[in-house]
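Enquirer: Dropping a structure here in structure tokens format, bear with me for questions.
Number of protein chains: 2
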Amino acid sequence: MDKGKFYCVGVGPGDKELITVKALNALKRADLIAVPCMKNGESTAYGIVEDYISGKDIINFHTPMSKDFAALDKNYANIAKTITALLDSGKSVAFITLGDPSVYSTAMQVNTDIAAMGYETEVIPGITSFCAAAARLNMSLCERDEALVVLPASYSDAVSGLKLKGTKVLMKAGRAISDVKDMLDKEGMLDKASMVECCGMENEKIYKSLSELDLDSTSSYFSIIIVKDNG
Amino acid sequence: MDKGKFYCVGVGPGDKELITVKALNALKRADLIAVPCMKNGESTAYGIVEDYISGKDIINFHTPMSKDFAALDKNYANIAKTITALLDSGKSVAFITLGDPSVYSTAMQVNTDIAAMGYETEVIPGITSFCAAAARLNMSLCERDEALVVLPASYSDAVSGLKLKGTKVLMKAGRAISDVKDMLDKEGMLDKASMVECCGMENEKIYKSLSELDLDSTSSYFSIIIVKDNG
Numbered sequence: 007m008d009k010g011k012f013y014c015v016g017v018g019p020g021d022k023e024l025i026t027v028k029a030l031n032a033l034k035r036a037d038l039i040a041v042p043c044m045k046n047g048e049s050t051a052y053g054i055v056e057d058y059i060s061g062k063d064i065i066n067f068h069t070p071m072s073k074d075f076a077a078l079d080k081n082y083a084n085i086a087k088t089i090t091a092l093l094d095s096g097k098s099v100a101f102i103t104l105g106d107p108s109v110y111s112t113a114m115q116v117n118t119d120i121a122a123m124g125y126e127t128e129v130i131p132g133i134t135s136f137c138a139a140a141a142r143l144n145m146s147l148c149e150r151d152e153a154l155v156v157l158p159a160s161y162s163d164a165v166s167g168l169k170l171k172g173t174k175v176l177m178k179a180g181r182a183i184s185d186v187k188d189m190l191d192k193e194g195m196l197d198k199a200s201m202v203e204c205c206g207m208e209n210e211k212i213y214k215s216l217s218e219l220d221l222d223s224t225s226s227y228f229s230i231i232i233v234k235d236n237g
Numbered sequence: 007m008d009k010g011k012f013y014c015v016g017v018g019p020g021d022k023e024l025i026t027v028k029a030l031n032a033l034k035r036a037d038l039i040a041v042p043c044m045k046n047g048e049s050t051a052y053g054i055v056e057d058y059i060s061g062k063d064i065i066n067f068h069t070p071m072s073k074d075f076a077a078l079d080k081n082y083a084n085i086a087k088t089i090t091a092l093l094d095s096g097k098s099v100a101f102i103t104l105g106d107p108s109v110y111s112t113a114m115q116v117n118t119d120i121a122a123m124g125y126e127t128e129v130i131p132g133i134t135s136f137c138a139a140a141a142r143l144n145m146s147l148c149e150r151d152e153a154l155v156v157l158p159a160s161y162s163d164a165v166s167g168l169k170l171k172g173t174k175v176l177m178k179a180g181r182a183i184s185d186v187k188d189m190l191d192k193e194g195m196l197d198k199a200s201m202v203e204c205c206g207m208e209n210e211k212i213y214k215s216l217s218e219l220d221l222d223s224t225s226s227y228f229s230i231i232i233v234k235d236n237g
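Protein chains in written order, with this note's numbering: chain L, 7 to 237; chain G, 7 to 237.
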């Protein structure tokens, strides 16, 4: 029997229209849709494709966020094992992921494991959350000779990254938003920083300047902060 | 009479399927499609949307590539003037752009001019060429605590950018590809660098390592080089 194909599919940042024709075609072609979800079963990626995949079989995978890299690797290996069993039975599987697979995604790590085992895989790029946030802010990320620096906000190197020339994008601030705001304040960058929370989703919030942000509010994991050199 | 709306539409990196549902809907809604083209009238962006816009009126704009920023600004202002005259007559206009509008695009600069004059504008993000290149290489751009640095390869600061930690993406190497290869060689990065030329287009070429690149060949403007810290 022919083995099934694995599709690693970026479904964009949240807006249901920000999915590509190629992603829709892959979802149509796949026998099974693999869905990353939280412990309680919630999945933002599933919410995006829900209307496009009615009637398809779904398989949920709990993909916790953690800085325990060994535990994460073990989880990816387990997911890859379950999926390759399905591929062996001839079924093709589309693993969906929020945004783009190449930017901080679980799906790409699963894809790497599966490709290394010799299965046919295809990665389908998606709209990144930072491009979508820039679009909502009517703002360019880089022009002419400017660099663009994407940093995970909650890691220790973020401060040195902020000193780089060019536009800085801080991702994954999440619960560390208060520290991130402090850091930007110390660097005198608060007024050069804008933020989009839950970009393209129902509860989207736009802050033209981060100084508008009320720190008593809890920021979402899906916050994108853009710091421009010239404010 | 109501003024028309301006759409700044990212159409992705070259593959006709890598366009979003939102971009297609904007193209459908617009009365006129504004197309950036070279002096000879050629337009890669037009090639992507051609099948989706049959019967629509087209307006071509010559958008030269140049490092003469004053000349570029003057050209954007002229384009904005022509487009706002159309918006004033009640027509909505979709200006298409390769990749994503927020990443080195003419369209965003035109959008900024038009928005500043008080017209209604909407930016629709697109798949960036570097996400598409990473997908074709089956490679992540950033994982966990890694930074991602996007640099215009043909500008003088590129060397210092290469020394930054994280994954480096070099864009717009174009005719300077030989200098870029020399630079990577000097930094000992040639084997850590992969390249996709004309990603998703008919003449796509993939180099898993830049040391495979024959320098006698002429590289396209549409080359994306990805340099990983760990090769």
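Note that CB positions come from ideal geometry on N, CA and C, so glycine has one too.
By Cβ distance, which residues of its chain are closer than 6 Å to Met195(L), with the 5 residues on each side in sequence left out?
Expert: Within the first sequence, the letter at position 189 stands for residue 195(L). Once the five neighbours on either side are set aside, the close Cβ partners of Met195(L) are Val233.
Enquirer: Listing by chain order, which chain G residues have their CB less than 7 Å from the CB of Val129(L)?
Expert: Walking along the first sequence from the start, residue 129(L) turns up at place 123. Neighbours of Val129(L) on chain G, chain order: Ala141, Asn144.
Enquirer: Report yes or no: do three or more beta-carbon pairs, one from the region 98-110 of chain G and one from the region 71-81 of chain G, lie closer than 8 Å?
Expert: no
Enquirer: In chain order, what residues of the same chain lie with their CB nearer than 6 Å to the CB of Ile39(G), ignoring the 5 residues before and after it?
Expert: In the second sequence, counting from the first residue as 1, residue 39(G) sits at position 33. The residues are Ile59, Lys62, Ile64, Ala100.
Enquirer: Looking at the unbroken alpha helix (DSSP H) that takes in Asn84(G), where does it start and where does it end?
Expert: The sequence position of residue 84(G) within the second sequence is 78, counting from 1. Unbroken alpha helix (DSSP H) run through Asn84(G): 75-94.
Enquirer: Under 7 Å between beta-carbons, which chain L residues line up against Tyr110(G)? List them in chain order, please.
Expert: Translated into positions along the second sequence, residue 110(G) becomes position 104. Result: Cys148, Glu149.
Enquirer: Could you name each continuous alpha helix (DSSP H) segment of 4 residues or more that falls completely within the region 94-139 of chain L, going from the start of the chain to the end?
Expert: 112-122
Enquirer: Under 8 Å, do Leu6(G) and Ala138(G) count as touching if we go by C-beta distance?
Expert: Beyond the ends of chain G as shown, which are 7 and 237, falls residue 6(G); an answer cannot be given.
Enquirer: Would you mind working out which of Ala140(G), Ala164(G), Leu143(G), Thr134(G) sits nearest Asp151(L), comparing C-alpha positions?
Expert: As a working note, residue 151(L) is residue 145 in the first sequence. Between Asp151(L) and the set Ala140(G), Ala164(G), Leu143(G), Thr134(G), the nearest pair of CA atoms involves Ala164(G).
Enquirer: In the DSSP assignment, find the unbroken alpha helix (DSSP H) run with Ala51(G) in it and report its ends.
Expert: Working through the second sequence from its first residue, we reach residue 51(G) at position 45. 50-55 is the extent of the alpha helix (DSSP H) around Ala51(G).
Enquirer: If you measure beta-carbon to beta-carbon, which residues of the region 185-201 of chain L are closer than 9 Å to chain G?
Expert: none
Enquirer: Checking 8 Å against the spacing of the C-beta atoms, do Cys43(G) and Ser135(G) come in under that value?
Expert: Taking the first residue of the second sequence as 1, we reach residue 43(G) at position 37. Taking the first residue of the second sequence as 1, we reach residue 135(G) at position 129. Cβ distance not < 8 Å, so Cys43(G) and Ser135(G) don't count as in contact.
Enquirer: I want to see whether chain L comes within less than 8 Å of Met71(G), judged by CB atoms only; does it?
Expert: For the purposes of this step, residue 71(G) is taken as the residue at position 65 of the second sequence. No, Met71(G) lies away from the interface with chain L (no Cβ there is under 8 Å from its Cβ).
Enquirer: What did DSSP end up calling Met207(G) once you bin it into helix, strand or coil?
Expert: Looking up residue 207(G) in the second sequence gives position 201. Three-state DSSP puts Met207(G) in coil, outside helix and strand.
Enquirer: Could you please tell me which residues of the region 87-111 of chain G, in chain order, have their CB closer than 7 Å to any CB of chain L?
Expert: Asp106, Pro107, Ser108, Val109, Tyr110
Enquirer: Would you kindly report the start and end of the unbroken beta strand (DSSP E) that includes Leu38(G)?
Expert: Reading the second sequence from its first residue, position 32 is the one you call residue 38(G). Taken as a continuous stretch (DSSP letters only), the beta strand (DSSP E) holding Leu38(G) covers 38-43.
Enquirer: Check whether the region 75-90 of chain L and the region 114-126 of chain L touch, using three or more Cβ-Cβ pairs below 8 Å as the test.
Expert: Cβ pair count under 8 Å is three or more, so yes.
Enquirer: Among the residues of its own chain, which have a CB less than 7 Å from the CB of Ala32(L), if the five just before and after it don't count?
Expert: For the purposes of this step, residue 32(L) is taken as the residue at position 26 of the first sequence. Only Tyr13, Val15, Ala100, Ile130 meet the Cβ criterion.
Enquirer: Determine, using beta carbons only, whether Leu157(L) and Leu143(L) come nearer to each other than 8 Å.
Expert: Indexing the first sequence from 1 puts residue 157(L) at position 151. Indexing the first sequence from 1 puts residue 143(L) at position 137. Contact: no.
Enquirer: Helix or strand or just coil, what does DSSP make of Asp185(L)?
Expert: Within the first sequence, numbered from 1, the residue matching residue 185(L) stands at position 179. Helix.
Enquirer: Straight-line CA distance for Leu219(L) to Glu193(L)?
Expert: For the purposes of this step, residue 219(L) is identified with residue 213 of the first sequence, where counting begins at 1. For the purposes of this step, residue 193(L) is identified with residue 187 of the first sequence, where counting begins at 1. Between Leu219(L) and Glu193(L), the C-alpha separation is close to 17 Å.
Enquirer: Looking at the C-beta of Pro158(L), does it have a partner C-beta in chain G at a distance below 8 Å?
Expert: Here residue 158(L) refers to the residue found at position 152 of the first sequence. Yes, Pro158(L) lies at the interface with chain G (some Cβ there is under 8 Å from its Cβ).
Enquirer: Nearest-angstrom Cα distance between Glu126(L) and Ile133(L)?
Expert: In the first sequence, residue 126(L) corresponds to position 120, counting from 1. In the first sequence, residue 133(L) corresponds to position 127, counting from 1. Going from the Cα of Glu126(L) to the Cα of Ile133(L) covers about 23 Å.
Enquirer: State the Cα-Cα distance for the pair Glu203(G) and Lys178(L), rounded to the nearest angstrom.
Expert: Locating residue 203(G) in the second sequence gives position 197, counting from the first residue. Locating residue 178(L) in the first sequence gives position 172, counting from the first residue. Per the coordinates, the alpha-carbon of Glu203(G) lies some 31 Å from the alpha-carbon of Lys178(L).
Enquirer: Which value, in whole angstroms, describes the spacing of the CA atoms of Ser111(L) and Asn66(L)?
Expert: By one-based count along the first sequence, residue 111(L) stands at place 105. By one-based count along the first sequence, residue 66(L) stands at place 60. Taking the straight line from one Cα to the other gives about 16 Å.
Enquirer: Quick one: give me the first and last residue of the beta strand (DSSP E) that Leu168(G) is part of.
Expert: Counting from 1 along the second sequence, the entry for residue 168(G) is found at position 162. Careful: Leu168(G) lies outside any beta strand (DSSP E), inside the alpha helix (DSSP H) at 164-168.
Enquirer: In the structure shown, what three-state DSSP assignment does Val27(L) receive?
Expert: Along the first sequence, one-based indexing puts residue 27(L) at 21. Residue state, collapsed to three classes: helix.
Enquirer: Against chain L, does Asp21(G) count as a neighbour if the rule is that its beta carbon must be under 8 Å from one of theirs?
Expert: Residue 21(G) sits at position 15 when you count from the first residue of the second sequence. By this cut-off, Asp21(G) is an interface position.
Enquirer: Does Phe75(G) have its Cβ less than 8 Å from a Cβ in chain L?
Expert: Here residue 75(G) is taken as the residue at index 69 of the second sequence, counted from 1. Yes - at least one Cβ of chain L is within 8 Å of the one on Phe75(G).
Enquirer: Of all Cβ atoms in chain L, is any one closer than 8 Å to the Cβ of Met123(G)?
Expert: Position 117 of the second sequence holds residue 123(G). Met123(G) does not count as touching chain L.
Enquirer: Give a yes or no on whether the C-beta atoms belonging to Pro107(G) and Ala141(L) are separated by under 8 Å.
Expert: For the purposes of this step, residue 107(G) is taken as the residue at position 101 of the second sequence. For the purposes of this step, residue 141(L) is taken as the residue at position 135 of the first sequence. Yes, the pair counts as a contact, with Cβ atoms nearer than the cut-off.
Enquirer: Using DSSP bridges, identify the partner residues of Asp63(G).
Expert: Against the second sequence, residue 63(G) aligns to sequence position 57. Bridge partners of Asp63(G): Leu38(G).
Enquirer: Considering only C-alpha positions, which residue in the set Ala159(G), Tyr82(G), Asp21(G), Val109(G) is nearest to Ala121(G)?
Expert: For the purposes of this step, residue 121(G) is taken as residue 115 along the second sequence, with counting starting at 1. Closest by C-alpha distance to Ala121(G), out of Ala159(G), Tyr82(G), Asp21(G), Val109(G), is Tyr82(G).
Enquirer: Below 9 Å between beta carbons is the criterion; list the residues of the region 8-36 of chain L that meet it against any residue of chain G, in chain order.
Expert: Of all residues in the region 8-36 of chain L, Cys14, Gly16, Gly18, Pro19, Asp21, Lys22, Glu23, Leu24, Ile25, Thr26, Val27, Lys28, Ala29, Leu30, Asn31 have a Cβ within less than 9 Å of some Cβ in chain G.
Enquirer: Grab me the residues of Leu78(G)'s own chain with a C-beta within less than 7 Å of its C-beta, minus the 5 sequence neighbours each way, in chain order.
Expert: Walking along the second sequence from the start, residue 78(G) turns up at place 72. Result list for Leu78(G): Ser72, in chain order.
Enquirer: Using a Cβ cut-off of 8 Å (strictly closer), state whether Leu38(L) contacts chain G.
Expert: Mapped onto the first sequence, residue 38(L) falls at position 32. So no, Leu38(L) is outside the interface.
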